[in-house]
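Using our numbering, read the sequence shown as starting at 4 and increasing by one per residue. For each residue, glycine too, the CB sits at the ideal point set by N, CA and C. Accompanying notes for the structure given below.
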Amino acid sequence: MAGENLDNHVDVKNILVEMGTYFQVQIGTDIEDFKCSWLVVKATEICNEEQKKLLHENHGKLDPANAAQVKALYNDLNLQGVFADYESKTYEKLITSIEDHPSKAVLKSFSAKIYQRQK
């Protein structure tokens, strides 16, 4: 595929974009760095006003006590379970898309490297 127009391989492009999104969503240590991670976005989607205030007051602070407050909120919101559900559905969708593709061995190799990856 080197040197070829990616527009001729829309199916591969779609699979790789989905893999890239999944890779970026994986849980990391972004609280202290004030990164707009999947976790903080998901938390703001599902938390109430009081929880949003707590998140706003503690996210992005270098003090470990602030990070602990955010982690406790993530725990209260069951974001680990929400992520596990997202991860499972996304991986299943990726594998289904890959199965019918002629380059499935390469694509499966990529997906195996990122599935349930530990940072």
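The stretch 41–54 and the stretch 77–88 touch, with no fewer than 3 CB-CB distances between them shorter than 8 Å.
S114 places its beta carbon less than 8 Å from that of I98. Apart from sequence neighbours up to five positions away, no residue of its chain approaches V109 with a beta-carbon distance below 7 Å. In the three-state reduction of the DSSP assignment, L80 falls in the coil class.
Counted as a single uninterrupted DSSP element, the stretch harbouring K64 is not any alpha helix (DSSP H), since DSSP gives it neither H nor E. Of the other Cβ atoms in all chains shown, fewer than 16 fall within 10 Å of the Cβ of N78; this residue is therefore exposed. For S114, the enclosing alpha helix (DSSP H) begins and ends at 107–117. With a cut-off of 8 Å on Cβ pairs, the stretch 17–27 is not in contact with the stretch 61–68, counting fewer than three such pairs. In the DSSP annotation of this structure, the continuous segment of the alpha helix (DSSP H) that includes K45 starts and ends at 41–49.
Nearest C-alpha to E90 among Y118, N17, N51: Y118. H59 and Q72 have their C-alpha atoms spaced approximately 11 Å apart.
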